[in-house]
Each structure stands twice: as structure tokens, then as C-alpha cells.
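In mature numbering (1 follows the signal peptide of the UniProt record, and there is no 0), the protein residues as written are -31 to -1, 1 to 373.
Reviewing the structure listed below.
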């Protein structure tokens, strides 16, 4: 079983998760109480990790430590909610665009960390979020509007407003990634799926039939030619997850919150226990796409019809069973894959290729595994990330080619 987070994306559409470029890493409760504070509130669990040495070093060595002070000064000049909203959106969008540009080699490197590093974006987003949470406006700001500003920050800093559909001769491909996670275990952790989203956002990939464009966000699946959600999974291998399950297993997210039970969706009366990939898994596993082997993962965990105890099935679910884990486990990766493939099915798009891809775990070098004494990067870490991102690109190219 892989180690992922049981969270939904922060933004929903009619109860269905709207996939983000880099999906949120905190789990919203089904009916969370509203924030009753009308004054600045304490930083979240996730934001409090900013003060640790490794996040500060990552921000400093990437130049992304400059974003929060600029944002703070701009917020202080805001004289109205409309002005504050524009400030939040502008600075969050600038953060996203700078992360994409840095990953794709545009503009100055601003620091000595690798351009392909996804971690500066994550920590800088949290730094902006903490500044917004601590801000005392010069005008009345109720709880609803304060929360709306935080939502605007999340949306813009994840590239959600960055969608541009290409021309009709170019295939439209959605590729999503995720934040780093399990940061209390090792705060240095990165996520190669997030690095892939930054590296691929808006870039053309040549296929035998012409170019394909990877976009990291799409509101309308009918406009796409292919989608794949991507997250970090097992060590040393890629997995194409054949089946997704409708179950949250209770693993703690980046806010140290957890939830166990059915994935909440619109119209739960018609909610299936399982959804399936429509990615060309045979071609993906057989093609030479890079250094790591690619597996067609058909394993699930279910409670069989009439049974009471979970059973692991290597060849997929049996009729009438209840989901307890999809191929991607019972965490965030499985849930996001379940939600978007369910949306595909409810929109009656059976011909749209899509599903979930797990990357190998992004590992530090053998001499740099101690979270307390290790450095934030090393040559093996950089090589592993570059190889994973490059193979994601090749897998996307293979999928587009195979599906025509």
C-alpha cells in the first residue's frame, strides 16, 4: 500500500472535487464549523512548520523568501475588500507563475537550489497564507470574506486560473500534482508529482500525430483529450492504478487531521464503490519510458458482498463488494483519482482516457537520510527528481500516442 494523504482538493464543484494543479494537502470536514474570529487568527499546523530550519533554508536558497514580505506590505496598503482581493490574487498568481518559469528555465534562477525543485512554491504559499491570516485590515472584514481571500490565494497560487485551451489541432492533456506530505516525519520532503506539474504546465510535447499540451487544471473534462492525476507512491517504481475506491482510510493529512469513511460526493445514493482507469495501461507498462519500471497495479482491498472483514484482492474487486482501498491505497491519491474518474463517468465520457499514475518515492542519497542532520538536497535527490519528471513526460507522450 502506498503512503498518501486522505484529503480532498480544497475546491469543489457540485460536491465533486475540482482538480487543482497542486492539490491541497488538508482534509476539509464534511461540515466544518465556520471561523468565528473577526481578528487575525493563529497560524495553522501546516503554516507553523515554516519556522523550522529546512523550510527557511529552502525559501532562502530559492529566493522565494521575498514573496511574503512583499505580500505583507501590499496587504497593509489595502483600503477595501476589493483592493485586498486584487492584491491576494495578483501576488498568488505571481508566485505560481514564478514557480513555473523557474522550473522551465525562464528568468533568473534566484538562488542555488535546482530550478526543478517543487518545495519553494509549497513553502512560499504557506508563508503568504500565514501573512494573510495574521493581517489586520483597515476595514471591516467578516469571516466569510476572510475565508474567500484564503480561497483566492489557494486557487491562484496553484495555477487554477491559469487554464488556456489550445487550438483544435493540439491535444489537451490535464496533468495534476500534489504538495509534499508526511512533513512531521521529514520536513525536507519534496513531491515529484508537484515538480512534474510545474515542469509540464503549458509545455508542448511532440507526438507522432502532432503536439500535445499538458495543462495542470481543467474545469471541464469534455474539453480534454486525456487526463492523469499524479502522486508519489512506492519506492523504485511507477504504478498505473487500475481501480479507485470510494473509501477514506484515516491517514493524517498536512494539518494532522483525518477522516474515515466513504468519500463524500454529490448524489451519494448513486455513488459507486469503484471506478476504473481508462488510461492505456498495457502500452504504458510495455513502453521504454525511462529508468523506473512501470506496473499495471490491479490490487484492491474490499469487504466482499455478504462479508464483514477486509480482503486484499490482487486482481481487482469482486461484484457487490465495498471498497476499503483502491490501487492507490485509501489516501489522497486514491480519492482524487476516484473523484475525477467518477466525474468522467457521470458526464458520460467513457471514451476519455484518464486515471491515476503513482511515481516512485523521491529519495535522498544514502548518506543524507537523517531528517535531523541531513541537508535539504544532494546529487542523488536531484537526479532522482529529474529522472522521475522526465519519465512522467514520456508516459504522457506514450498515453497520448496510444489513445490517438
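For every residue, glycine included, the Cβ atom is placed at its ideal position computed from N, Cα and C.
Review point. Are the CB atoms of residue 215 and residue 307 nearer to each other than 8 Å?
Key: Against a cut-off of 8 Å, the Cβ pair of residue 307 and residue 215 comes out as a contact.
Fill in: Assumed close pair residue 142, residue 166 - CB separation to whole angstroms, cut-off 8 Å
Contact doesn't hold; Cβ gap of about 12 Å is too wide.
Worksheet item: Whole-angstrom Cβ separation of residue 211 and residue 296, contact assumed at under 8 Å?
Response: 5 Å
Margin query: Please identify the residue among 266, 26 and 209 whose C-alpha is closest to the C-alpha of residue 368.
Written below: 209
- Task: Tell me residue 196's beta-bridge partners as DSSP assigns them.
- Result: 143 and 323
- Take every Cβ of the region 44 to 53, pair it with every Cβ of the region 96 to 116, and state whether three or more of those distances are shorter than 8 Å. yes
| said: If we require 3 or more residues per run, which beta strand (DSSP E) segments fall completely within the region 196 to 221? | reply: 207 to 210, 212 to 214 and 216 to 218
Check whether the region 235 to 242 touches the region 331 to 347, taking contact to mean three or more Cβ pairs, one atom from each stretch, closer than 8 Å. no
Q: Within its chain, find whatever has a CB closer than 6 Å to the CB of residue 291; leave out the 5 residues flanking it on each side and keep chain order.
A: Cβ neighbours of residue 291 beyond the five flanking positions: 242 and 272.
Starting from residue 230, trace the beta strand (DSSP E) both ways and give me its first and last residue. 229 to 231
Near residue 254, what residues of its chain come up, given a Cβ to Cβ distance below 6 Å and the 5 sequence neighbours on each side ignored? 263 and 265
Taking only three categories from DSSP, how would you classify residue 282? strand
**Asked** From which residue to which residue does the alpha helix (DSSP H) around residue 309 run?
**Response** 301 to 315 is the span of the alpha helix (DSSP H), which, as asked, contains residue 309.
(message) Taking its Cβ as the centre, do 16 or more other Cβ atoms sit within 10 Å of residue 97, making it buried, or is it exposed?
(response) buried
Note down the Cα distance separating residue 353 from residue 284, rounded to an integer number of angstroms. For residue 353 and residue 284, the distance between alpha carbons rounds to 30 Å.
| task | Can you tell me which of 365, 33, 75 and 64 puts its alpha carbon nearest to the alpha carbon of residue 256? | result | 365
Does the Cβ of residue 121 have 16 or more other Cβ atoms within 10 Å, making it buried, or fewer, making it exposed? So residue 121 ends up on the buried side.
- So, are the CB atoms of residue 89 and residue 358 less than 8 Å apart? No, these two residues do not count as a Cβ contact at 8 Å.
Report all residues from its chain with a CB closer than 7 Å to the CB of residue 351; omit the five preceding and five following residues, and keep chain order. 83
Note to self: Could you tell me the alpha carbon to alpha carbon distance between residue 18 and residue 228, rounded to whole angstroms?
What the structure shows: 22 Å
| request: Could you tell me which uninterrupted beta strand (DSSP E) segments, each at least 3 residues in length, are contained entirely in the region 230 to 255, listed from first to last along the chain? | output: 243 to 245
Requested in this report: Could you round the C-beta distance between residue 198 and residue 305 to whole angstroms and report it? I think they count as a contact, below 8 Å.
Outcome: 5 Å
Can you give me the start and stop residues for the alpha helix (DSSP H) that residue 338 sits inside? Where residue 338 is concerned, there is no enclosing alpha helix (DSSP H), given that its DSSP letter is neither H nor E.
key: the region 314 to 321 / the region 199 to 208 touching (three or more Cβ pairs under 8 Å)   = no
Answer yes or no: do residue 86 and residue 126 have a C-beta to C-beta separation smaller than 8 Å? No.
beta-carbon residue 326 near the ligand GTP non-hydrogen atom, thresh 7 Å:
Questions concerning the ligand GTP fall outside what the structure shown contains, since it holds no ligand whatsoever.
- Is residue 24 buried or exposed, if buried means 16 or more other CB atoms sit within 10 Å of its CB? Around the beta carbon of residue 24, 16 or more other beta carbons lie within 10 angstroms, which makes this residue buried.
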